[in-house]
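So the structure is just underneath, and the comments pick up after that.
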Amino acid sequence: MEDELISKKELLDLTGISYGQLYRWKRKQLIPEEWFIRKSTFTGQETFFPKMLVLARVHNILNMKDDLSLDELASRLSDTGGFSDIRLTEKAIAERNIVTDLTLSSYGLDVQGDDGMYSFDTLLHLYVADNLLANGDMNLEEGRLLLRTLDSHTEELKGRPCELYFVRKMGVALFMLAPSPAELYFDEGVRLIAKVALGDLIEQLKGRLS
Amino acid sequence: MAEKSKDEGQLPDLILNGVGSAAGGSYDRVLIDGVGKVGDSLTARLFKANGQIRVKGGLETGEMEVNGIMNLEGSLKTGRMKLDGMLHIEGSLKGESCALNGLVTVKGDCELEELKGEGGFTVEGLLSAGHADIRLNGAGQVREIGVETLKVRQGNKSMWNRLIGGIIPKLKSELTAKTIEGDHLDLEYTTADIVRGNVIVIGEGCSIGRVEYGSELSVHPGARVGKEVKTGD
């Protein structure tokens, strides 16, 4: 799975938004500047976007824009603000169906804060684990390792696009976190079980939280 | 030159008359008449300047009005702005609305909700606006335009103007851009590689390499269009 890009035109066709809307959202910083990737093609310069990220974001905007003004949306979607100081109780997480009960009951006690609340980062980690568990890629014990890995590197990777590689060799599970875009090459014995762009999950998680 | 502070808790005003210079900082009102120089970035609720002004930094203001020549070495962030004269911005321009009468040069991107202008402008980055209504009285040069609605007209069509435009290309009242994208585009005297939009009107004097339109396209007989493509269903 590569970091797929989508051209501006494809994006507009796929989502049914117009040029005007796209530029308006950009002005309101609903779509961050870094996502506008300029590349030269045979028709000249074209703008591309990271596919998963931008589709999730556009989807979120379209869903929310009926209830909120664009400015409110902007503050809600902005990458750092809004969510980073969110704290949820176990009950709230279960109610919103963010992660499954199984995940929550297995790992909840290990990762929750002293006051029994979950921060956005913790939630994200749980969400990642939950996704991998749900796909059947990972077992519960490996999940613990994953959470520890994510937890110990939260600070370094904050605000940077990052990918999680989950590989196995001879049945031993390994987790790797790499700031994207990075290309990793493994030896033959290694099987890449899953590659997860954390940015996508952040988008999804934000969607569920709002 | 006078710098006076008001009651505590309220930001002071910066008032410059004649020839003078001031440091940057945060102010409530900045009023400059004459030749003024500001040494650093400025933040102000209201910025009013007449004459020649140079700011060695950025400017952030809620409302601004400039008559004369202004040079900005940083970026400009503003609410409403009114400009008569020349404005040169080294950084980017971000604002709500802009009423332009004169010349603007922006080295970075230019993002405005509403742009209504007469004169000429150069934007080396992206010109993004909600509604742009431009009457060209000089050259308009933009790398890329992304708008909801755009209307371009030639301001002065007198013989004299055409003559000057013919001799000095820089004074030709034409808009040049690489790409123009928007929902409603109404162009005149525009040269562009690619124009993409929903409803497009290509008026007199246009020369467009490729037009991609969604629902409507009309081309003036006096315009040149390389290729017309209908997109979508």
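In order, the protein sequences belong to chains A and B. Residue 118 in the UniProt record's numbering sits at position 118 of the first sequence, with consecutive numbering throughout. Residue 78 in the UniProt record's numbering sits at position 78 of the second sequence, with consecutive numbering throughout. In this text, a Cβ means the ideal position worked out from N, Cα and C, and glycines have one as well.
B:Asp186 is outside the set of residues whose beta carbon lies under 8 Å from a beta carbon in chain A. If you look at A:Ile93, you'll find it in the alpha helix (DSSP H) that goes 90–96. When DSSP reads this structure, A:Ser40 sits in a beta bridge with A:Gln45. Taking 8 Å as the CB threshold, A:Ser18 lines the interface with chain B.
Of the other Cβ atoms in all chains shown, 16 or more fall within 10 Å of the Cβ of A:Pro50; this residue is therefore buried. Using beta-carbon distances, A:Arg24 counts as an interface residue toward chain B, with a partner under 8 Å.
With its beta carbon less than 8 Å from one in chain B, A:Arg27 belongs to the interface. Collapsing the DSSP output to three states places A:Met117 in coil. Around the beta carbon of B:Phe121, 16 or more other beta carbons lie within 10 angstroms, which makes this residue buried.
At a C-beta separation below 7 Å, B:Val147 has these neighbours in chain A: Gly20, Tyr23. With a threshold of 16 other beta carbon atoms within 10 Å, B:Gln10 falls short and is exposed.
The region 138–178 of chain B is shown to contain whole alpha helix (DSSP H) runs of 4 or more residues at 159–167, in chain order. Burial is judged here by how many other beta carbons sit within 10 angstroms of a residue's own beta carbon; B:Ser215 has fewer than 16 and is exposed. Sorting B:Ile15, B:Asp13, B:Gly36, B:Gly209 by C-alpha distance to the C-alpha of B:Lys56 places B:Gly36 at the top. With respect to the 8 Å criterion, B:Glu144 and B:Leu126 are classified as neighbours on the basis of their beta carbons. Taking CB atoms only, B:Gly197 has a neighbour in chain A less than 8 Å away. Taking a C-beta distance under 8 Å as the contact criterion, A:Gly189 and A:Lys169 qualify as a contact pair. Within the region 129–143 of chain B, contact with chain A at the beta-carbon level (separation under 7 Å) is assigned to Gly130. Going by C-alpha positions, B:Asn50 is about 6 Å away from B:Val66. Residue-level contact check: A:Gln204 does not touch chain B, since none of the beta carbons of chain B fall below 8 Å from its beta carbon. The continuous stretches of beta strand (DSSP E) do not include A:Asp101, which lies in the alpha helix (DSSP H) extending over residues 101–111.
Beta bridge pairing from DSSP links B:His131 with B:Glu114, B:Thr149. Closest by C-alpha distance to A:Leu205, out of A:Ser40, A:Asp115, A:Leu126, A:Glu33, is A:Leu126.
Look at A:Gln45: its C-beta is under 8 Å from a C-beta on chain B.
Taking every protein chain shown into account, the CB of B:Asn137 has 16 or more other CB atoms within 10 angstroms, so this residue is buried. Runs of alpha helix (DSSP H) with 4 or more residues, each lying fully within the region 5–79 of chain B, are absent. The three-state secondary structure of A:Asp187, taken from DSSP, is coil. Membership of A:Tyr23 in the alpha helix (DSSP H) is indicated by the continuous run 19–27. The beta carbon of B:Lys178 sits closer than 8 Å to some beta carbon of chain A. The three-state reading of DSSP puts A:Asn63 in helix, counting H, G and I together. Here the region 97–105 of chain A makes no contact with the region 149–160 of chain A; the two share fewer than three CB pairs at distances below 8 Å. Less than 8 Å separates the beta-carbon of B:Arg196 from that of B:Glu212. Annotation for B:Glu96: the continuous beta strand (DSSP E) segment containing it runs 93–106. Beta-bridge partners of A:Ile202 (DSSP): none assigned.
Note on geometry: alpha-carbon atoms of A:Arg144 and A:Gly116 lie some 18 Å from one another. For A:Leu14, DSSP assigns no beta-bridge partner whatsoever.
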